[in-house]
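Engineer: I am attaching a structure below and will ask some questions about it afterwards.
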Amino acid sequence: MNPSPVVALNRAVAIAMADGPAEGLALVDEVEAGGALSDYYLLPATRADLLRRLGRTEEAEVAYRHAIEMAPSEPERRFMHRRIAEIRRKE
Numbered sequence: 060m061n062p063s064p065v066v067a068l069n070r071a072v073a074i075a076m077a078d079g080p081a082e083g084l085a086l087v088d089e090v091e092a093g094g095a096l097s098d099y100y101l102l103p104a105t106r107a108d109l110l111r112r113l114g115r116t117e118e119a120e121v122a123y124r125h126a127i128e129m130a131p132s133e134p135e136r137r138f139m140h141r142r143i144a145e146i147r148r149k150e
């Protein structure tokens, strides 16, 4: 596999699954700092999910809303709207 920002994002997800969302979020921060995925909706969507899992709900909602603005399809936007609704129900 060739190194790329998308591969790095996927690695961050795998690390989050294995070592916890805080570890994955640190790697997502590195990918984001590189700037190559600034137009890729899965970057803020990934950030949102990890923040949600960490209980950082306000930050997660902001990240979900950013991802919704960028998402290419209605089913993806609906999914993220449902995540926001879940966050709000738990508050």
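One rule links them: number in the numbering used here = place in the sequence shown (from 1) + 59. The C-beta atom is built at its ideal place from N, Cα and C for all residues, glycine as well.
1) May I ask which residues mark the beginning and end of the alpha helix (DSSP H) holding E150?
2) If we call anything under 8 Å between Cβ atoms a contact, is V72 one with T105?
3) For R112, which residues from the same chain have a beta carbon less than 7 Å from its beta carbon, with the 5 sequence-adjacent residues on both sides left out?
4) Under a Cβ-count criterion, where at least 16 other Cβ atoms within 10 Å of its own Cβ denotes burial, should R142 be classed as buried or exposed?
5) Can you check whether the CB of A77 is closer than 8 Å to the CB of A107?
6) Between which two residues does the alpha helix (DSSP H) holding R111 run?
Structural biologist: This is what the structure holds:
1) Taken as a continuous stretch (DSSP letters only), E150 belongs to no alpha helix (DSSP H), as it is neither H nor E.
2) yes
3) P80
4) buried
5) no
6) L101 to R112
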